[in-house]
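Note sheet for the following structure.
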Amino acid sequence: MGGKRKQAYLLKGGEARLQFVGSPPSKSTVPSAIFTPTLENFKCFPNEKYDDEQISAISQALKEANEEVQIEMVGKYDTFYDNPRIYTKVTLPQELVTKLSNVLVDPTISIRGTCKILKREDVREHQPAVRTSIYPYVVYPARIIWKVTDDAEVEFSVEGISLKTQATYEDFKGIEKLAESYKSSGTTHVQLNYSVTLEWVDFTMDFPELERNTFEKLYKNQPFSDCIIVASNKKEFGCHQSILAVHSDVLFTAFGNGMKEFQTNRIEMEDVGGEAVELLLKFMYARKDFLKDLEEKSGQVVLELLQTSHKMNISELELFLCQFLCRKPSNWFSIDVALSFYLFTMNVDSMENLTEKMWSFMRDNPDQISDSTTYQEWLEKEPKVAAQFVLKLLESMHEQKTAVQVDIRLVEEIVIGSDSNSDNSFDNDDDDDNDSLMTD
Numbered sequence: 001m002g003g004k005r006k007q008a009y010l011l012k013g014g015e016a017r018l019q020f021v022g023s024p025p026s027k028s029t030v031p032s033a034i035f036t037p038t039l040e041n042f043k044c045f046p047n048e049k050y051d052d053e054q055i056s057a058i059s060q061a062l063k064e065a066n067e068e069v070q071i072e073m074v075g076k077y078d079t080f081y082d083n084p085r086i087y088t089k090v091t092l093p094q095e096l097v098t099k100l101s102n103v104l105v106d107p108t109i110s111i112r113g114t115c116k117i118l119k120r121e122d123v124r125e126h127q128p129a130v131r132t133s134i135y136p137y138v139v140y141p142a143r144i145i146w147k148v149t150d151d152a153e154v155e156f157s158v159e160g161i162s163l164k165t166q167a168t169y170e171d172f173k174g175i176e177k178l179a180e181s182y183k184s185s186g187t188t189h190v191q192l193n194y195s196v197t198l199e200w201v202d203f204t205m206d207f208p209e210l211e212r213n214t215f216e217k218l219y220k221n222q223p224f225s226d227c228i229i230v231a232s233n234k235k236e237f238g239c240h241q242s243i244l245a246v247h248s249d250v251l252f253t254a255f256g257n258g259m260k261e262f263q264t265n266r267i268e269m270e271d272v273g274g275e276a277v278e279l280l281l282k283f284m285y286a287r288k289d290f291l292k293d294l295e296e297k298s299g300q301v302v303l304e305l306l307q308t309s310h311k312m313n314i315s316e317l318e319l320f321l322c323q324f325l326c327r328k329p330s331n332w333f334s335i336d337v338a339l340s341f342y343l344f345t346m347n348v349d350s351m352e353n354l355t356e357k358m359w360s361f362m363r364d365n366p367d368q369i370s371d372s373t374t375y376q377e378w379l380e381k382e383p384k385v386a387a388q389f390v391l392k393l394l395e396s397m398h399e400q401k402t403a404v405q406v407d408i409r410l411v412e413e414i415v416i417g418s419d420s421n422s423d424n425s426f427d428n429d430d431d432d433d434n435d436s437l438m439t440d
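If you're matching positions, the sequence shown starts at 1 in UniProt numbering and goes up one per residue.
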């Protein structure tokens, strides 16, 4: 399952000039602001289809950004004899980062454009020499001309800038040309022409709402129904074997082979609640209001439906649900639901995008995990696996330098969970590795 990368302009046709001076003093810095977002500069790509709700949310977030938002191109010498550092500095307010991350999947910012090297040239004009009392030597009036060097335009780009409150990027395309200009003698300017884009992964909900009057009547009235699905709450749903078999090759095989559990024409779904079964049948029979009804359900119901679609190999429904969940903002998920989705999808290759979304959510909210009912049940059943998950989470936070308080109970539960079951305990070498990880 993969999404399509969407783009929109935060700024199109931007221009900036970086002013570099040869032989700079120690600890000199040459910043140049290349982007301060405004709602007026936000533009959609032509001939591109967008989700209206996402575009509205982005516009509102930019409009309400009440703190300083800035992207700068910076040249810096720590000492006059050092090679220069050329880097892009990004400053974003937490409120803007949170709002965009809640409505977009994997949002990033990219800067792409060209640069030209401009050299200063003092042109002496044929005018009478000037002698003054303050400066008694002969001075020939001159005017400054900025000339483009013989070098052609050079492309530069800073790709995939993560939405963080503070970040610097020193490795980007075209940096060598900028550094070369910075080291040159005399005064050099670099003319930048560029655009700034906001990018995210879009999981298109290509879900046609077809009028299916015949199937709607079959669903509502159930004439000649020959099969019953029994949900975990013992609620029964009449249906038709032919409809189920068309959507699920698992059920097609089961009905065709006369499997014992299907000989009574009763399908017991002990792990699926009535709401999820009702949605399953609505998807199979009458899709007109399926998405509307799905939006009103809890994460647990959607999880049951996803698990059922995977178990019965209803690939169309499985793909649709993954797209639906990947488009959901982070605040739609509770920590219990996110962990449940993670545990289910982590071993399903076709759901890697959903797994990554759940992982990112838990990495950003580690303080909630220790109070999670799902985590406590998992820790009790599989203490070693649960402990390894927490260590992996801490390691990821360490690599990402995530500035968030980690609940110490997570670490305590690793030890308690491991010691409570000698068969699942870590060996000494693992403990040493874990200690070093925590020290870092």
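We put the CB at the ideal spot given by N, CA and C, even for glycine.
The distance from the Cβ of residue 225 to that of residue 239 is about 6 Å, consistent with a contact at the 8 Å cut-off. Assigned with DSSP and collapsed to three states, residue 50 falls in coil, not helix or strand.
Relative to residue 325, the option among 4, 295, 312 and 155 whose CA is nearest is 295. Residue 329 sits in coil when the DSSP states are folded into three classes, being neither helix nor strand. For residue 157, the beta-bridge partners assigned by DSSP are 112 and 173. Between residue 386 and residue 378, the C-beta gap is smaller than 8 Å, which places the two residues in contact. Residue 286 carries a coil assignment under DSSP once its states are collapsed to helix, strand and coil.
Here residue 272 carries a coil assignment [DSSP, helix/strand/coil]. By the 16-neighbour rule on beta-carbons within 10 angstroms, residue 96 is buried. For residue 236, the enclosing beta strand (DSSP E) stretches over residues 236-239. Cα atoms of residue 328 and residue 342: separation of roughly 15 Å, rounded to the nearest angstrom. Judged by beta-carbon spacing, residue 117 lies beyond the 8 Å limit of residue 38, meaning their Cβ atoms are not closer than that value. Of the other Cβ atoms in all chains shown, fewer than 16 fall within 10 Å of the Cβ of residue 347; this residue is therefore exposed. Where residue 164 is concerned, there is no enclosing beta strand (DSSP E), because DSSP gives it neither an H nor an E. By alpha-carbon distance to residue 156, the top candidate from 172, 168, 162 and 164 is 172.
Note on residue 33: under 16 other CB atoms within 10 angstroms of its CB, so exposed under the neighbour-count rule. A distance below 8 Å separates the beta carbons of residue 198 and residue 10.
For secondary structure counted as the alpha helix (DSSP H) over 4 or more consecutive residues, the region 290-327 holds these complete runs in sequence order: 290-295, 299-311 and 315-326.
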